[in-house]
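Visitor: Each residue of the sequence shown is one higher than the one before, counting from 163 in the numbering used here.
All C-beta atoms in this analysis are idealised placements derived from N, C-alpha and C, irrespective of residue type, glycine included.
Given the structure is predicted, the values throughout are model-derived calculations rather than measurements.
Below are the structure tokens for one structure; questions will follow.
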Amino acid sequence: MRIDEDTGAAPRGTGGSVTVKLSGALCDLFPGSRRVVTLSAATVSDMIDELDRLWPGMADRIRDTRPAIRKHMNVFVDGERAGLGTPLAVGAEVYVLTAISGG
């Protein structure tokens with residue numbers, strides 16, 4: 163899948179257009195990735211699949227084999243914590259963040 167160089171948008175698929183904001187730590191692992199991307203997806207799982215099409219291997223950093231969101235990753239849709247099945251409304255704002263832990 164290609165990203166429009168002017169808008170940063172991926173071509174629209176069957177889902178609605180959503181804005182995804184990725185953590186800097188995640189983007190650092192994928193040269194050429196963008197912190198903000200607009201793409202089409204119906205659910206969080208679909209969104210992760212689209213991110214993986216743009217930057218192969220990204221899905222493995224966000225989703226585990228159960229499948230579920232990885233322990234040290236957080237996904238928020240319009241300010242609410244989300245799971246893989248969370249639906250994405252047209253215009254939703256999705257944050258994919260790396261959890262910070264320590265002690």
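1. Check for me: the alpha helix (DSSP H) holding L213 runs from which residue to which?
2. Compare the beta carbon distance of L250 and A204 with 8 Å and say whether it is the shorter of the two.
3. Provide the residue span of the beta strand (DSSP E) that contains L201, from first to last.
4. Using 8 Å as the threshold, is the region 194-212 in touch with the region 238-247, meaning 3 or more CB pairs across them?
5. State buried or exposed for E242, treating a residue as buried only when at least 16 other CB atoms are found within 10 Å of its CB.
6. Using the C-alpha atoms, what's the distance from I210 back to V199?
7. Whole angstroms are fine: how far does the CA of V252 sit from the CA of M235?
8. With burial defined as no fewer than 16 other Cβ atoms inside 10 Å of the residue's Cβ, what is the status of R228: buried or exposed?
Guide: Inspection of the coordinates gives the following:
1. 206-216
2. yes
3. In the DSSP assignment, L201 falls within the unbroken beta strand (DSSP E) covering 198-203.
4. Yes, since at least three Cβ pairs between the region 194-212 and the region 238-247 fall closer than 8 Å, the two stretches touch.
5. exposed
6. C-alpha separation (whole angstroms): 12 Å.
7. Whole-angstrom Cα-Cα distance: 23 Å.
8. exposed
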